[in-house]
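Beneath this line is the structure, given in structure tokens, with notes to follow.
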Amino acid sequence: MLAVEAASGVEWYKYAHDVLGMSTFGESGKAEKLFEHFGFSPENIAKKAKELLG
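Shown next, in the form of structure tokens:
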């Protein structure tokens, strides 16, 4: 299972095999640019999920 959290994803590791979350704090800008910067694009999420499936 892949957890996707647009904040710190630390708490999700007890539920998921991998977590796509933020590990830094203090960025500002337009949401769509920040989501892409942190890897929350649909393409990256799909890539991560496919990697987990093998």
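Per this note's numbering: the sequence shown = residues 667 to 720.
We put the beta carbon where it would ideally sit given N, CA and C, even for glycine.
Would you report the Cα separation of residue i and residue j, rounded to the nearest angstrom?
i           : j           : result
residue 692 : residue 713 : 26 Å
residue 702 : residue 718 : 21 Å
residue 696 : residue 678 : 25 Å
residue 709 : residue 682 : 20 Å
Sort the options by Cα distance to residue i and report the nearest one.
i           : options               : result
residue 680 : 704, 696 and 667      : 667
residue 715 : 694, 689, 684 and 696 : 684
residue 689 : 706, 696 and 698      : 706
residue 675 : 704, 699 and 694      : 704
Is residue i buried or exposed, if buried means 16 or more other CB atoms sit within 10 Å of its CB?
i           : result
residue 687 : buried
Give every residue of the same chain whose Cβ lies closer than 8 Å to the Cβ of residue i, excluding the five residues on either side of it in the sequence, and list them in chain order.
i           : result
residue 672 : 687, 688, 701, 704 and 706
If you drop the 5 nearest sequence neighbours on each side, which residues of the same chain put their C-beta closer than 7 Å to that of residue i?
i           : result
residue 711 : 670 and 686
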